[in-house]
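K.L.:
Below you will find the structure I want to go over with you.
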Amino acid sequence: MATAGAEPLDCNLVDAVTFELKHDDLNNPWYTSVVVLSEDMVLVSDYSKRNLQLHRLNDAKLIAVSKTLKSRPHDICICVEEKNVFTVAVCLLNGQIEIMAVKYVDNKAAITQVKTFAVKRGFDWCCAGKMLSVKDKIVVSGHKVDKMCWGIVSFADGHISTIQNICRYTGRGWSHLATSSDDTKLYISCESAYPDTGLYGFDIKTCKQDFLYKPSDLKRPSGVSVDDKGFIYVCNFAPPCIHQLTKHGEPVRVHREEIPSDILAIFWDKQQGHLYTTSMFSRVVTRYTPQYIDKQEDRNYPEFQSGDEREQPSIQLENGIRKINSDEDDLHSGTSSSDLTRHEQHHVSLRRRSLPPGKKYHVFFSYSSSDIHWVKKTIETLEKEHGFLCCEYDRDNTPGTSLLQFAGDSIRNAYKTVVVMTNEAFQSGFVLHEIEMAIIQGFNERRKCVVPLLLEDCEIPSHLSVLNYVDARDPMRRDIWWPRLLTELET
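Position 87 (the sequence shown) corresponds to 87 in UniProt numbering; numbering is contiguous.
Have a look at this one:
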């Protein structure tokens, strides 16, 4: 441990303890944030159910649930902390902030609404917030038209006294923020801000940007927090890891062991001195204990490694702003081999194509139910005439498996996911969720997994528009687009 008064050189996260959040009504959660109210009590926001949930960790019991919020919640910040009562601000994706009261007395709990206000002159989406020590002020990040921004918002009426652009917003994604203990520095992690996805450091008083940290393996930054020693922790969704930086934005190390595969939020509990993370889908909260190191000789571990050795990101000055970069990783697939055991009776008239190692299917289709007949016909042609093995729900689903679990397992077990793009598909939350999982799979395997296929005129989401798509709108031009689809599936 670091000696009193000394500024530690590093911190190791040890004694990882995992808590599972159990309850019959929590099927298919999507946890976007977590705050710790006591050593045994956490408050999480559920994006899919649009509510807040208060959980007790020692017995995995859900003790309170809020009413359905006006929009999907993305972040929670503690505003006022009193005995057994916490006032929290919830950032909603409709540009509003909802103030909630969380009460817990004698094993009885309640989450009630206090008020709701829109961020005036504000954001299309509110992503994250953090209460400042200055009375009635919240620093908020969000999206405004085609920009990611941050601003200081009045807790009383929602007016923004300061607003500052961060970077260009290029697609569906999030921003998360944290502040230094003295509220002088602001740290914002930005996703879908290509080419500048990463962690931004700002001076709150001057609004000037101090640094930009964007190593090659910080592709999906999903949360940021600061401990009492000033270390910054940025969690990355895929590949799962936690980047540790100094308060000046200089890289220290990357934590990769015992990090949940779908890590989405991170929170420093200053009262207990622990770091907490939550997982998006797996209903897990993990607690880490920091082990501070203040002697150079104690640092006997390799830095910035994942399999092959990595070079520490270089730090460059550009217009007075430090930009931390590292070389892009080579694309490769690290899947292990497994034997094919299902549907051996199919394709007797045509020799089936070999499957990539670790895969059960060549193709999974993500589509709206209105396009099921087109998809079934396409699957039949791919299997009977071209030797592909496709995943089909009616044939491959195991009784008792939920749709969400089936989709997740199928995407992981398929070499390619074909997204059938129609207006109805993009209005389906389930299809959008499948697309998100397929993109994450591509990040995990470091290759292109998604094959967009345009079946009708529709507005293509920005996170798919950057990919080359197969234009199948005209059935009379099948001789053109069909060979291209086959090429995409084979590549």
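Every residue, glycine too, gets a C-beta built ideally from N, C-alpha and C.
1. Excluding sequence positions up to five away, which residues of its chain have a Cβ less than 6 Å from the Cβ of Tyr469?
2. Give, in chain order, every unbroken run of the alpha helix (DSSP H) that is at least 4 residues long and sits entirely within the UniProt domain "TIR" (359-489).
3. Give the secondary structure of Ala60 by DSSP, where H, G and I count as helix, E and B as strand, and everything else as coil.
4. Just tell me which of Ile439, Lys83, Ser33 and Thr68 has its CA closest to the CA of Val466.
5. Is the beta carbon of Thr277 sitting closer than 7 Å to the one on Ile293?
6. Taking the alpha-carbon positions, what's the Ile78 to Leu62 distance?
7. I need the straight-line Cα distance from His274 to Thr487, nearest angstrom please.
8. Starting from the Cα of Glu82, find the closest Cα among Ile97, Lys67, Glu98 and Val105 and give me that residue.
9. Starting from Arg168, follow the beta strand (DSSP E) in both directions and report where the run begins and ends.
10. Hey, could you find the ends of the beta strand (DSSP E) Tyr292 is sitting in?
11. Once DSSP output is grouped into helix, strand and coil, what is the label at Asn51?
12. For Lys67, which of helix, strand or coil comes out of DSSP?
13. Rounded to whole angstroms, what is the Cα-Cα separation between Thr87 and Ile460?
14. Within the continuous beta strand (DSSP E) that includes Thr87, where are the two ends?
15. Report the option in Tyr415, Phe117 and Trp268 whose CA atom is closest to the CA atom of Asp157.
16. Give me the DSSP bridge partner(s) of Gln113.
17. Are the beta-carbon atoms of Lys144 and Phe123 separated by less than 7 Å?
18. Should Asn251 be labelled buried (16 or more other beta-carbon atoms within 10 Å of its own) or exposed?
19. For Ala4, which residues in the same chain have their Cβ closer than 7 Å to its Cβ, ignoring the five residues on either side in sequence?
20. Based on the DSSP secondary-structure assignment, which residues constitute the bridge partners of Cys77?
21. Around the C-beta of Glu344, are 16 or more other C-beta atoms found within 10 angstroms, so that it is buried, or is it exposed?
22. Taking all protein chains shown into account, do 16 or more other C-beta atoms lie within 10 angstroms of the C-beta of Val35, making it buried, or fewer, making it exposed?
23. Check this for me: beta carbons of Cys190 and Ser175, under 7 Å apart or not?
24. Tell me which same chain residues have a C-beta within less than 6 Å of the C-beta of Lys22, skipping the five on either side of it?
25. With distances taken Cα to Cα, identify the nearest neighbour of Pro215 among Ile242, Asp457, Ile259 and Gly400.
26. Check this for me: beta carbons of Tyr288 and Leu13, under 7 Å apart or not?
27. Rounded to the nearest angstrom, what separates Arg447 and Leu432 at their Cα positions?
28. Mapping DSSP to helix, strand and coil, what is Lys208?
29. Which two residues bound the contiguous beta strand (DSSP E) that contains His143?
30. Is Glu424 near the ligand COA, judged by its Cβ being under 6 Å from some heavy atom?
31. Rank Phe365, Ala16, Gln96 and Ala110 by C-alpha distance to the C-alpha of Gly142 and give the top, closest one.
32. Measuring CA to CA, which of Pro399, Arg412, Ser222 and Trp374 is closest to Pro357?
33. Between the Cα of Ile152 and those of Asp146, Cys167, Asp183 and Arg168, spot the shortest distance and give me the residue it belongs to.
34. Buried or exposed for Asn58, please, with buried defined as at least 16 other CB atoms from any protein chain shown within 10 angstroms of its CB.
35. In angstroms, rounded to a whole number, what distance separates the CA positions of Ile76 and Leu355?
36. Find the nearest neighbour of Ser45 within the set Val285, Lys416, Pro475 and Met131, judged by alpha-carbon distance.
P.N.:
Walking through what the data contain:
1. Pro452 and Leu454
2. 372-386, 393-396, 403-413, 423-426, 429-445 and 462-465
3. coil
4. Ile439
5. no
6. 20 Å
7. 50 Å
8. Val105
9. Ile160 to Arg168
10. Val284 to Ile293
11. strand
12. coil
13. 40 Å
14. Val85 to Leu92
15. Phe117
16. Met100
17. yes
18. The sequence shown places Pro at residue 251, rather than the Asn named in the question. Pro251 comes out buried.
19. Confidence is the limiting factor: at Ala4 the pLDDT is only 45, short of 50, which leaves the residue's position unreliable, though a coordinate-based value still follows. Excluding sequence neighbours, Ala4 sits near nothing in its chain.
20. Ala89
21. Bear in mind that the predicted position of Glu344 carries a pLDDT of just 40, short of 50, making it unreliable; the figure below should be weighed with that in mind. Exposed: under 16 other Cβ atoms inside 10 Å.
22. buried
23. yes
24. Ala60
25. Ile242
26. yes
27. 20 Å
28. coil
29. Lys137 to Lys144
30. Summarising the ligand content, the structure contains no ligands, and the ligand COA is consequently not present.
31. Gln96
32. Arg412
33. Asp183
34. exposed
35. 44 Å
36. Val285
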